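*Asks:* Pasting a structure below so you can have a look.
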Amino acid sequence: MSLVAFLLRASWQAIAIALITGFISGGCSAGLIALISRTVVKDNSPSSAIAVAFMALGLVALLTAIVSRILLVRFSQEAVFGLQLRLSRQILATELKPLENLGLPRLLVMLTEDIQAVATAAGAVPVLVINMASAAGCMVYISWLSWRVLALVLLLTLVASVSCRWFLVAGRRWLSAAREQQDRLFQHFRTLIDGVKELKLHYAGRQDFFHTDLEKTARQATRYNSRGLSLFAVLDSWGKLIYFFAIGLVLFALPRWIGISPETRIGYVLTFTYLLGPMESLVNKLPLLSKASIALQKIETLGLSLSDPDATGPPPPPADWHRLELRGVTHSYRTDREREFTLGPIDLTVHPGDLIFVIGGNGSGKSTLAKLLTGLYQPQSGSIWLDDQPIDPEQQERYRQYFSVVFSDFFLFERLLGFDRQADDARAQSYLQKLQLNHKVSIDQGQFSTTALSQGQRKRLTLLTAYLENRPIYLFDEWAADQDPTFKDLFYSQFLPNLQAQGKAIFVISHDDRYFHLADRLIKLDYGQVVYNQPPSQTVYAR
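In the numbering used here, the protein residues as written are 634 to 1176.
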């Protein structure tokens, strides 16, 4: 998608008004050039009528330029704002699996680099519109002076367009290649930040990563950008050469071939001298327009959902339920080693008040099962049923509202989202005491005073959020892994039984075999298959 198409799609009416006022301004500017040209060649002093016309044209050109630029500035910024919100909504509407396949670096580049490229180019649109309108008005004036000179200008414009096309295509190709490197570069930046402790402890590994990965990719991106921008610089110089060549033809060649009056020559030279600024501005903005076009193209190819997750309104609150079933559910994906892994088929029935421990080795499919259970992944075969009603894609949003989940790779928000701040603050404070965090964290209007805590303490805050949500089904993915022995015991012996007594169904992904006896049922996974689905027994712990 081009930048023009992006802006027109947002609101063609606003663009039309801005373009009309812009072309009026450009026409008035061209009229000023014509007036100056005619006044210069006359021997007598200019009349008062010409002076009035000059001031009127100048005033109209000024006012319409201001109106056009303000309209375009506001509209272009609103269009970029709309793009930011639309992309954010599309990310929220897209299923988790496609987002995981895209990867965090690509999404970050889109939300930062690509949107910034579009915003920068959109900010240049008002100036470009005024300059293009001025150029069009000047062409009209040249045609009035001499159709022969206009024919020469059009011929040179055609030659310039054809000869510059190669520079445009090649420059855009290099800028596109540089944009591809940005995805890899952001991946290396993420590695740099997430792995900084390990890199600091390993000199050889740090040097290898820095020079082989990060520096190499950054240099490649820089090289591609330099080549693309250099071609646009050559294009600028080539355009100026053709421009001065055209002036030279009129001054030195055309008077020998055809008769051109002094007024025509002066008007022509003044017009082209005035045009130098707008044309140079247009050429200088070509890299920005190319980057914006590449960014919009990358955004389109991400394959994000076009639906609005909030279009149908909020889902109804979870109703009383009696049975949750997984019937022959499977899910397949490729591992990091490009080997296909299949979870299932899984057959499972859950009732309110059930406490189920999900166990198994690393890579056995526990986290994948958690995402299937909670509706973040859709079954590739089989189905999920809630009270004898199948959960189809249209029901996913409603179904997810039944779950409060704390994942092993959880994210802790800085405030309590979606709660009544005044009503829930008191409840939250009481939970802080139970979680033994009241001496470190306070909550005011739903805002945590700090989240700069240890990993175990941060996990306790996520447990607080889960308590406040008060949903029918809870899932804890390795929640106790970062807790000290005392609090780990509190979690298993007090918090879980408390939730169970409230009729909550609870899934606990855990390796803490000393607490397995508390479960109503153990589900053991091995390479994606359920090898045990019964009440706990001592024999299964060692399998």
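The beta-carbon is built from N, C-alpha and C at its ideal position, and this holds for glycine as well.
Treat the numbers as computed from the prediction; the structure is a model and nothing was measured.
Roughly how many angstroms lie between the CA atoms of V742 and F822, to the nearest whole one?
*Replies:* Here residue 742 refers to the residue found at position 109 of the sequence shown. Here residue 822 refers to the residue found at position 189 of the sequence shown. If I take the Cα positions, the gap works out to 11 Å.
*Asks:* With DSSP as the reference, identify every bridge partner of R1154, one or two as the case may be.
*Replies:* Locating residue 1154 in the sequence shown gives position 521, where the first residue counts as 1. I989, per the DSSP bridge assignment.
*Asks:* Quick one: what's got a C-beta closer than 8 Å to L887's C-beta in the same chain, skipping five residues either side?
*Replies:* In the sequence shown, the residue the question calls residue 887 occupies position 254. Same-chain partners within the cutoff: R781, V782, L785, I893.
*Asks:* Hey, out of P1012, L1086, L1005, whose CA is closest to L1045's CA?
*Replies:* Looking up residue 1045 in the sequence shown gives position 412. Looking at the Cα atoms, L1086 is the closest of the given residues.
*Asks:* Closest to F800 by C-alpha separation, out of L1155, D816, G861, S658, would be which residue?
*Replies:* As a working mapping, residue 800 is identified with position 167 in the sequence shown. When only C-alpha atoms are compared, the closest one is G861.
*Asks:* Please list the terminal residues of the continuous alpha helix (DSSP H) segment that includes F878.
*Replies:* Residue numbering aside, residue 878 sits at position 245 when the sequence shown is read from its first letter. That run of the alpha helix (DSSP H) goes 849-881.
*Asks:* For the pair the segment 759-767 and the segment 642-657, tell me if three or more CB-CB distances fall below 8 Å.
*Replies:* As far as the Cβ criterion goes, the segment 759-767 touches the segment 642-657, which means the pair count is three or higher.
*Asks:* Taking Cβ positions, are Y1010 and K730 nearer each other than 8 Å?
*Replies:* Taking the first residue of the sequence shown as position 1, residue 1010 is located at position 377. Taking the first residue of the sequence shown as position 1, residue 730 is located at position 97. Yes; because the gap between Cβ atoms is below 8 Å, this pair is in contact.
*Asks:* Which class does A1138 belong to by DSSP, given the choice of helix, strand or coil?
*Replies:* Numbered from its first residue, the sequence shown carries residue 1138 at position 505. Looking at A1138 - three-state DSSP - the assignment turns out to be strand.
*Asks:* What whole-angstrom Cβ distance do C661 and L690 have, given they're in contact under 8 Å?
*Replies:* As a working mapping, residue 661 is identified with position 28 in the sequence shown. As a working mapping, residue 690 is identified with position 57 in the sequence shown. Contact holds; Cβ gap of about 5 Å.
*Asks:* Could you tell me how far apart the beta carbons of S923 and L791 are, in whole angstroms, since I believe they sit closer than 8 Å?
*Replies:* Numbered from 1 along the sequence shown, position 290 holds the residue referred to as residue 923. Numbered from 1 along the sequence shown, position 158 holds the residue referred to as residue 791. In fact, because the Cβ distance is near 22 Å, the residues do not count as touching under 8 Å.
*Asks:* By how many angstroms is the C-alpha of V883 removed from the C-alpha of R889?
*Replies:* The residue given as residue 889 occupies position 256 in the sequence shown. The residue given as residue 883 occupies position 250 in the sequence shown. Their backbone Cα atoms lie some 10 Å apart in a straight line.
*Asks:* Would you kindly work out how many angstroms separate the C-alpha atoms of K1177 and G1089, rounded to a whole number?
*Replies:* What the structure shows of the chain is the stretch from 634 to 1176, and residue 1177 is not part of that stretch, so it cannot be assessed.
*Asks:* When you compare only the Cα positions, how much space is there between L1108 and F1036?
*Replies:* For the purposes of this step, residue 1108 is taken as the residue at position 475 of the sequence shown. For the purposes of this step, residue 1036 is taken as the residue at position 403 of the sequence shown. One C-alpha to the other measures close to 7 Å.
*Asks:* Entirely within the segment 780-858 and at least 3 residues each: give me those beta strand (DSSP E) ranges in chain order.
*Replies:* Runs of the beta strand (DSSP E) inside the segment 780-858: none found.
*Asks:* Per DSSP, which residues does F1036 bridge with? Please list them.
*Replies:* Within the sequence shown, numbered from 1, the residue matching residue 1036 stands at position 403. Beta-bridge pairing links F1036 to I1106.
*Asks:* Mark S1183 as exposed unless 16 or more other C-beta atoms lie within 10 angstroms of its C-beta, in which case mark it buried.
*Replies:* The chain is shown only over 634 to 1176; residue 1183 falls outside these bounds and no answer can be derived.
*Asks:* So, do the segment 850-859 and the segment 808-820 have three or more beta carbon pairs nearer to each other than 8 Å?
*Replies:* Yes, since at least three Cβ pairs between the segment 850-859 and the segment 808-820 fall closer than 8 Å, the two stretches touch.
*Asks:* Please return the same chain residues whose Cβ sits closer than 6 Å to the Cβ of P1023, not counting the five positions on each side in sequence.
*Replies:* Taking the first residue of the sequence shown as position 1, residue 1023 is located at position 390. Counting only Cβ-Cβ distances below 6 Å, and skipping sequence neighbours, we find S1016.
*Asks:* Alpha carbons only, please: which of A1099, I992, I1156 is nearest the one belonging to L1129?
*Replies:* Translated into the one-based positions of the sequence shown, residue 1129 becomes position 496. L1129 has its Cα closest to that of A1099, out of A1099, I992, I1156.
*Asks:* When the Cα atoms are used, what is the spatial distance from V1038 to T982?
*Replies:* For the purposes of this step, residue 1038 is taken as residue 405 along the sequence shown, with counting starting at 1. For the purposes of this step, residue 982 is taken as residue 349 along the sequence shown, with counting starting at 1. If you take the alpha carbons of V1038 and T982, they lie about 19 Å apart.
*Asks:* Alpha carbon to alpha carbon, how far is G900 from I763? Give it in angstroms, no decimals.
*Replies:* The residue given as residue 763 occupies position 130 in the sequence shown. The residue given as residue 900 occupies position 267 in the sequence shown. Each residue's alpha carbon lies about 21 Å from the other.
*Asks:* Can you list, in chain order, the residues of its chain whose CB lies under 8 Å from that of R898, leaving out five sequence neighbours each side?
*Replies:* Counting from one through the sequence shown, the residue named residue 898 turns up at place 265. Taken in chain order, the residues that qualify are V883, L884, P888.
*Asks:* DSSP beta-bridge partners for E958?
*Replies:* Counting from one through the sequence shown, the residue named residue 958 turns up at place 325. E958 is bridged to T982, W1018.
*Asks:* Checking 8 Å against the spacing of the C-beta atoms, do A647 and F708 come in under that value?
*Replies:* On the sequence shown, position 14 is the one that residue 647 refers to. On the sequence shown, position 75 is the one that residue 708 refers to. In contact: A647 and F708 (Cβ atoms closer than 8 Å).
*Asks:* Under the rule that 16 or more other beta-carbon atoms within 10 Å means buried, what is E1111, buried or exposed?
*Replies:* Working through the sequence shown from its first residue, we reach residue 1111 at position 478. Classification of E1111: buried, given that the 10 Å Cβ count is 16 or more.
*Asks:* Look at the alpha carbon of H835 and the alpha carbon of Q1167, and state the distance between them as a whole number of angstroms.
*Replies:* As a first step, residue 835 must be located in the sequence shown, where it is residue number 202. As a first step, residue 1167 must be located in the sequence shown, where it is residue number 534. The straight-line gap from Cα to Cα measures roughly 46 Å.
*Asks:* Expressed to the nearest angstrom, what Euclidean distance is found between the alpha-carbon atoms of E1083 and D846?
*Replies:* The sequence position of residue 1083 within the sequence shown is 450, counting from 1. The sequence position of residue 846 within the sequence shown is 213, counting from 1. Note on residue identity: the sequence assigns Thr, not Glu, to residue 1083. Their backbone Cα atoms lie some 36 Å apart in a straight line.
*Asks:* For G977, which residues of its own chain have a beta-carbon under 6 Å away from its beta-carbon, when the five flanking residues on both sides are left out?
*Replies:* Taking the sequence shown and counting its residues from 1, one reaches residue 977 at position 344. If we look at G977 and ignore the five residues flanking it on each side, its Cβ neighbours are V962, T963.
*Asks:* Could you spell out where the alpha helix (DSSP H) holding V760 opens and where it closes?
*Replies:* Translated into positions along the sequence shown, residue 760 becomes position 127. 748-778 is the extent of the alpha helix (DSSP H) around V760.
*Asks:* Whole-angstrom Cβ separation of Y1138 and G986, contact assumed at under 8 Å?
*Replies:* Walking along the sequence shown from the start, residue 1138 turns up at place 505. Walking along the sequence shown from the start, residue 986 turns up at place 353. The identity of residue 1138 in the sequence shown is Ala, whereas the question assumes Tyr. Rounded, the Cβ-Cβ distance is 7 Å, consistent with contact.
*Asks:* Which same chain residues, not among the five before or five after F905, have their C-beta less than 6 Å away from its C-beta?
*Replies:* In the sequence shown, counting from the first residue as 1, residue 905 sits at position 272. These residues qualify, in order along the chain: I880.
*Asks:* Measuring CB to CB, does Q1013 end up less than 8 Å from S965?
*Replies:* Taking the first residue of the sequence shown as 1, we reach residue 1013 at position 380. Taking the first residue of the sequence shown as 1, we reach residue 965 at position 332. Contact: yes.
*Asks:* So who's on the other strand from V1163, going by DSSP bridges?
*Replies:* If you number the sequence shown from 1, residue 1163 lands on position 530. Answer by DSSP bridge pairing, in chain order: L1158.
*Asks:* Since I believe G872 is in contact with A793 (beta carbons under 8 Å), could you give me their beta-carbon distance rounded to a whole number of angstroms?
*Replies:* In the sequence shown, residue 793 corresponds to position 160, counting from 1. In the sequence shown, residue 872 corresponds to position 239, counting from 1. With 8 Å as the limit, A793 and G872 qualify as a contact, their Cβ atoms being about 6 Å apart.
*Asks:* I'd like to know whether the C-beta atoms of I748 and L716 end up nearer to each other than 8 Å.
*Replies:* Sequence index remark: in the sequence shown, residue 748 carries index 115 (1-based). Sequence index remark: in the sequence shown, residue 716 carries index 83 (1-based). For I748 and L716, yes; Cβs fall inside 8 Å.
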